[in-house]
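In my numbering, the protein residues as written are 9 to 79. Beta carbons are placed, not taken as given, at the ideal position from N, Cα and C, and that holds for glycine.
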(Lines of atoms letter the chains of each structure in order from A and count residues from 1; the text may use other names and numbers.)
(Lines give C-alpha, C1' and ligand atoms only; values in the text may rest on other atoms or scores of the structure.)
Protein backbone atom coordinates (compact mmCIF):
# COMPACT_ATOMS: atom_id res chain seq x y z
CA UNK A 1 0.00 0.00 0.00
CA UNK A 2 1.15 3.49 -0.70
CA UNK A 3 0.39 6.96 0.42
CA UNK A 4 -2.25 8.93 -1.40
CA UNK A 5 -1.12 12.33 -2.65
CA UNK A 6 -3.92 14.09 -4.49
CA UNK A 7 -5.23 11.64 -7.05
CA UNK A 8 -1.97 9.72 -7.42
CA UNK A 9 -0.82 6.73 -5.41
CA UNK A 10 2.73 7.13 -4.14
CA UNK A 11 4.85 4.14 -3.23
CA UNK A 12 6.35 4.05 0.29
CA UNK A 13 9.88 4.41 -1.14
CA UNK A 14 8.96 7.57 -3.02
CA UNK A 15 7.14 8.86 0.06
CA UNK A 16 10.28 8.29 2.12
CA UNK A 17 12.43 10.08 -0.47
CA UNK A 18 10.00 13.02 -0.57
CA UNK A 19 10.07 13.12 3.24
CA UNK A 20 13.86 13.29 3.25
CA UNK A 21 13.82 16.04 0.63
CA UNK A 22 11.31 17.95 2.78
CA UNK A 23 13.52 17.50 5.86
CA UNK A 24 16.56 18.72 3.91
CA UNK A 25 14.79 21.89 2.77
CA UNK A 26 13.41 22.44 6.28
CA UNK A 27 16.96 22.18 7.65
CA UNK A 28 18.25 24.49 4.89
CA UNK A 29 15.55 27.03 5.78
CA UNK A 30 16.60 26.94 9.45
CA UNK A 31 20.26 27.47 8.51
CA UNK A 32 19.30 30.28 6.15
CA UNK A 33 17.20 31.92 8.90
CA UNK A 34 20.14 31.72 11.32
CA UNK A 35 22.43 33.36 8.74
CA UNK A 36 19.83 36.07 8.14
CA UNK A 37 19.52 36.71 11.88
CA UNK A 38 23.29 36.95 12.27
CA UNK A 39 23.55 39.35 9.32
CA UNK A 40 20.73 41.45 10.72
CA UNK A 41 22.37 41.69 14.13
CA UNK A 42 25.75 42.52 12.62
CA UNK A 43 24.28 45.24 10.42
CA UNK A 44 22.21 46.60 13.30
CA UNK A 45 25.22 46.79 15.61
CA UNK A 46 27.42 48.24 12.87
CA UNK A 47 24.97 50.97 11.95
CA UNK A 48 23.81 51.52 15.56
CA UNK A 49 20.94 53.58 14.28
CA UNK A 50 17.36 54.13 15.34
CA UNK A 51 15.90 53.05 12.00
CA UNK A 52 16.82 49.38 12.38
CA UNK A 53 13.49 48.35 10.80
CA UNK A 54 14.56 49.78 7.44
CA UNK A 55 17.94 48.06 7.79
CA UNK A 56 16.15 44.78 8.51
CA UNK A 57 13.92 45.26 5.46
CA UNK A 58 16.96 45.99 3.29
CA UNK A 59 18.69 42.84 4.56
CA UNK A 60 15.57 40.77 3.86
CA UNK A 61 15.31 42.16 0.33
CA UNK A 62 18.99 41.38 -0.27
CA UNK A 63 18.51 37.80 0.93
CA UNK A 64 15.44 37.38 -1.28
CA UNK A 65 17.46 38.57 -4.29
CA UNK A 66 20.23 36.12 -3.41
CA UNK A 67 17.71 33.27 -3.19
CA UNK A 68 16.18 34.17 -6.55
CA UNK A 69 19.56 34.21 -8.30
CA UNK A 70 20.32 30.65 -7.17
CA UNK A 71 17.02 29.27 -8.46
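* Asked: Out of curiosity, what's the CA-to-CA distance linking residue 71 and residue 44?
  -> 8 Å
* Would you identify the three-state DSSP class for residue 19, choosing helix, strand or coil? => coil
* Asked: Who are the Cβ neighbours of residue 55 in its own chain at under 7 Å, not counting the five residues just before and after it?
  -> 63
* Would you mind stating whether residue 37 and residue 51 have Cβ atoms separated by less than 9 Å? => no
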